[in-house]
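Step one of this worksheet: look at the structure below.
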Amino acid sequence: MRHVLRVFVAPGCLGCGRALDLVERVRRARPDQPVEVIDLAHPADCVPASVIGAPTFLLGDRMLSQGNPAYLELLAELDDPDTGGTTDLGDPAVPGKVEIC
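Using our numbering, the final residue of the sequence shown is 800, and nothing's skipped along the way.
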């Protein structure tokens with residue numbers, strides 16, 4: 700089972716337009732990859748403590764990137780059978796922090 704790619708965006712975020720473009724490119728290139736876009740202005744669920752800005756990319760519970768990752772690196776991470784999509788491209792999630800609800 701594939702981990703969900705969660706992309707956190709916010710109003711007024713300078714890099715979030717590019718993040719949404721990356722989401723659409725991933726959806727076209729990897730139609731079986733589950734992807735969720737979460738608007739930090741109106742989050743439906745708790746926001747992990749590792750999300751300290753926008754855009755932020757998480758795969759499952761693992762931090763991929765704070766800011767926009769390179770498209771080919773993102774695809775490589777999604778396709779990596781050895782890690783199952785759990786290798787960091789950016790800073791790791793901060794252990795011991797609580798989620799913001």
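In this text, a Cβ means the ideal position worked out from N, Cα and C, and glycines have one as well.
Quantities reported herein were computed from a predicted structural model and do not represent experimental measurements.
Three-way DSSP call (helix, strand, coil) for residue i in this model
i: R705; result: strand
i: V725; result: helix
i: L763; result: strand
i: L758; result: strand
Where the alpha helix (DSSP H) through residue i begins and ends
i: L774; result: Y770 to D778
Residue i: first and last residue of the uninterrupted beta strand (DSSP E) it sits in
i: D738; result: V734 to D738
C-alpha distance - residue i paired with residue j, whole-angstrom precision
i: C715; j: Y770; result: 14 Å
i: C800; j: V734; result: Per-residue confidence for C800 stands at a pLDDT of 41, beneath the threshold of 50, marking its modelled position as unreliable; the derived number appears in the next sentence. Distance between the alpha carbons of C800 and V734: 21 Å.
i: A738; j: Q732; result: Correcting the residue identity first, residue 738 is Asp in this sequence and not Ala. Whole-angstrom Cα-Cα distance: 19 Å.
i: P710; j: D778; result: 30 Å
Neighbour-count burial assignment, residue i, 16 or more Cβ in a 10 Å radius
i: P780; result: exposed
i: L757; result: buried
i: R724; result: exposed
i: P747; result: buried
i: M700; result: exposed
i: E798; result: Low local confidence applies: a pLDDT of 46 at E798 is under 50, so the model's placement there is unreliable, with the coordinate-based value given in what follows. Exposed, by the Cβ-count rule.
i: P754; result: buried
i: A775; result: exposed
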